[in-house]
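Residue numbers (the numbering used here): 7 to 691.
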């Protein structure tokens, strides 16, 4: 089916063209078809252009109301369509949706540029900005106006016409390349399976892992066999427990080489071209590098400040990783393995080392982390901190049949928003975990519009007669994304505009991870899936004792990816990147040991294509913030409502409409201190 449709055929029943007659006004997912998107996008862009033209051709003196607010109120249909489309294309895509994405992405880029680079818009905004003292603006409005003006300058509005045309070409090209990159990674992830037909090749694997592999094979009509994929819920248990080093290596190498197989899904040339265009674009806009361009509005401000943080952590992480490696090699030698540990062996011997040092096995923990209990634990935490409640909604359209929907209410019963949760891997879903939105909070005609938030994960599926039993990492991921969800649900922004410092964005999510292993919290949600008994104190003590375990590896692989991201975005724009050589040079320059590889290799590093460009460091920048912020809870009690309400008021409600450092200071009473972060990593003596 062609992406272009006759609007007469779909216009009358296109759900985007009428008000949503659904509970809480969520998108009518059950009625939306692929063929609805292109006509809806086209109509949305058409209406948006007319609305903007009316604003820009207004002969009245530009004011905050007739320019900034008017622009904010324009494009409502386009926004509605885009939020729905891109939410579905990441969580439940198809070849047809991918075709739409490939067609519409450059058209959206062109549409956006035609508006933002129109000289009349910049002229009006500049007048409003220069007269800002005369409008009696609120703090939010003043903050937004400043960022709107500076953002227009940073994105080329002040360029001469010929340079604007060049910028438009670059933006459209980048929009196409990013879609290609993303779709190639999904294809490579789906295309590989490790097929096992001999039972002895399952040696060492827990029964639950074997059963899940058998069910995966059955789903592919491979009866009597077992399959493993490069999706982490399948891959990581195999790397942890399989006694077959060659098979571990085969699976891990397949994961590492996604997008690097010299086939139709190869991403090397795509990434090289993207990096070159980004570098050229930055210089066109008057910046030394792409990193200088994107960091300017963030907390870090410039690359040197990012490198200062990375270097501080790197100096502590590598000695810790080398110490763990030496201890793991001793185990391998004592067992007569006759090998020098490789990158694909790390998880296997790390699990053995954890068992030896702390008498703790991941399989001891999983029975206490039934997905439904963990989910309820997050809900309980939300209730204890903020008084909010979560009630499942059965009769409501959902983005996928496996998704769940919940109405979120304030303590007094007022509606706060809708939360979707989608837990398990499938071929139509991107890898990883994320939190997005189908509708943001906004004030329209004096009335608050409630948000519709979605959490998307890729967790271990139920297997046989066992429910979904999560790893501790998966538990942390659920609480992490729940923090993002609260950030969206609590937002009090008045306009569609928001300017979130990207290196602040992980504070609301990462702070929630601190509750995961608190003994008081574990007693609430870590209940054995068969007996319902809470996790015993001895096991909780083991978790506490092993809190620094493998931190060198975890931080080392993460920091290596950060260095790779920064290196790509601080290169000379005339240097054409050979991706394989460039990556290896970065690895060599930082001194990464060969037994550890970057968490994300270049050809599947979706973060730097999808918004974290020169920003992957943000998790550790926010790490300084969240560890320091959690100390405030520890000082008053981890469920202290007064501290929680302060965090909600000063951080979650204001995120994107106030300066990031000012938000933090308003909550903590001072600027952040690195000490808690370094101490909790085990990097302080």
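For glycine and all other residues, C-beta sits at the position ideal for the given N, C-alpha and C. A quick note: this is a predicted structure, and the numbers were derived from the prediction, not measured.
CA-to-CA distance, residue j to residue i, given in whole angstroms
i, j, result
"residue 379", "residue 528", "11 angstroms"
"residue 409", "residue 325", "43 angstroms"
"residue 85", "residue 41", "18 angstroms"
"residue 571", "residue 63", "42 angstroms"
"residue 387", "residue 595", "44 angstroms"
"residue 283", "residue 295", "11 angstroms"
"residue 457", "residue 416", "13 angstroms"
"residue 168", "residue 297", "24 angstroms"
"residue 22", "residue 35", "11 angstroms"
"residue 353", "residue 237", "15 angstroms"
"residue 111", "residue 188", "13 angstroms"
"residue 509", "residue 207", "44 angstroms"
"residue 441", "residue 556", "27 angstroms"
"residue 359", "residue 421", "49 angstroms"
"residue 276", "residue 186", "8 angstroms"
"residue 96", "residue 273", "19 angstroms"
"residue 398", "residue 385", "12 angstroms"
"residue 437", "residue 615", "14 angstroms"
"residue 164", "residue 68", "18 angstroms"
"residue 474", "residue 533", "13 angstroms"
"residue 306", "residue 464", "31 angstroms"
"residue 16", "residue 102", "Note that residue 16 scores 46 on pLDDT, short of 50, meaning its location in the model is unreliable; the coordinates nonetheless yield the value given after this. Computed Cα separation, rounded: 16 angstroms."
"residue 267", "residue 255", "16 angstroms"
"residue 123", "residue 249", "59 angstroms"
"residue 120", "residue 94", "26 angstroms"
"residue 318", "residue 355", "27 angstroms"
Supposed close pair residue i, residue j - CB separation, criterion 8 angstroms
i, j, result
"residue 635", "residue 392", "About 15 angstroms; that fails the 8 angstroms criterion."
"residue 628", "residue 513", "5 angstroms"
"residue 552", "residue 331", "Wrong, their Cβ atoms sit about 17 angstroms apart, outside the cutoff."
"residue 309", "residue 99", "Residue 309 to residue 99, Cβ: 34 angstroms. No contact."
"residue 300", "residue 621", "7 angstroms"
"residue 381", "residue 492", "At roughly 14 angstroms, the Cβ-Cβ gap does not stay under 8 angstroms, so residue 381 and residue 492 are not in contact."
"residue 623", "residue 312", "5 angstroms"
"residue 258", "residue 194", "Residue 258 to residue 194, Cβ: 14 angstroms. No contact."
"residue 44", "residue 106", "6 angstroms"
"residue 644", "residue 504", "Actually they do not touch by this definition, with Cβ atoms about 30 angstroms apart."
"residue 345", "residue 239", "So it is not a contact: roughly 27 angstroms between Cβ atoms."
"residue 329", "residue 558", "7 angstroms"
"residue 70", "residue 147", "7 angstroms"
Counterpart residues of residue i in DSSP-defined beta bridges
i, result
"residue 253", "Answer is none; residue 253 lacks a bridge partner."
"residue 475", "376"
"residue 559", "According to DSSP, which records beta bridges pairwise, residue 559 is partnered with nothing at all."
"residue 424", "413 and 458"
"residue 232", "202"
"residue 533", "540"
Residue i: CB within 6 angstroms of a non-hydrogen atom of the ligand GTP
i, result
"residue 152", "The model depicted lacks the ligand GTP and carries no ligand whatsoever."
Hey, is the region 164–181 in contact with the region 282–292, meaning 3+ C-beta pairs nearer than 8 angstroms?
-> yes
Could you tell me whether the region 428–441 touches the region 49–59, where touching means 3 or more Cβ pairs closer than 8 angstroms?
-> Contact between the region 428–441 and the region 49–59 is not established, with fewer than three Cβ pairs separated by less than 8 angstroms.
Taking the runs of the beta strand (DSSP E) that are 3 residues or longer, which of them lie wholly in the region 385–410?
-> 395–398
May I ask you to verify whether the region 467–486 touches the region 539–548, counting CB pairs closer than 8 angstroms and requiring at least 3?
-> No contact exists between the region 467–486 and the region 539–548.
Cβ pair count under 8 angstroms reaching 3, the region 357–375 against the region 258–278 = The region 357–375 makes no contact with the region 258–278, as fewer than three CB pairs between them are under 8 angstroms.
Determine contact between the region 392–408 and the region 581–592, defined as no fewer than three beta-carbon pairs at a distance below 8 angstroms.
-> no
Counting only runs that start and end within the region 537–605, where is the alpha helix (DSSP H) found for 4 or more residues in a row?
-> 543–551, 557–574 and 585–596, all fully within the region 537–605.
Which ranges does the beta strand (DSSP E) cover as unbroken runs of at least 3 residues, wholly within the region 432–516, from first to last along the chain?
-> 440–445, 448–450, 453–455 and 458–462
Is the region 139–149 touching the region 85–98 in the sense that three or more CB pairs, one from each, lie closer than 8 angstroms?
-> no
Three or more C-beta pairs closer than 8 angstroms, one from the region 185–202 and one from the region 222–235: is that the case here?
-> yes
Does the region 557–565 touch the region 595–606, meaning 3 or more C-beta pairs lie closer than 8 angstroms?
-> Touching, yes, given that three or more Cβ pairs across the two stretches are closer than 8 angstroms.
4-residue-minimum alpha helix (DSSP H) runs that sit fully inside the region 284–340, ordered along the chain | 296–301 and 309–340
Using 8 angstroms as the Cβ pair cut-off and three pairs as the minimum, do the region 177–190 and the region 107–122 touch?
-> yes
Do the region 241–259 and the region 210–222 meet, that is, are 3 or more Cβ pairs less than 8 angstroms apart?
-> yes
Is it a yes or a no for the region 452–469 touching the region 490–504, going by three-plus beta-carbon pairs under 8 angstroms?
-> yes
At what residue ranges does the region 152–234 contain a whole run of the alpha helix (DSSP H), taking only runs of 4 or more?
-> 167–197 and 213–225
Uninterrupted alpha helix (DSSP H) stretches inside the region 34–111 (no shorter than 4 residues) = 40–62, 76–79 and 82–97
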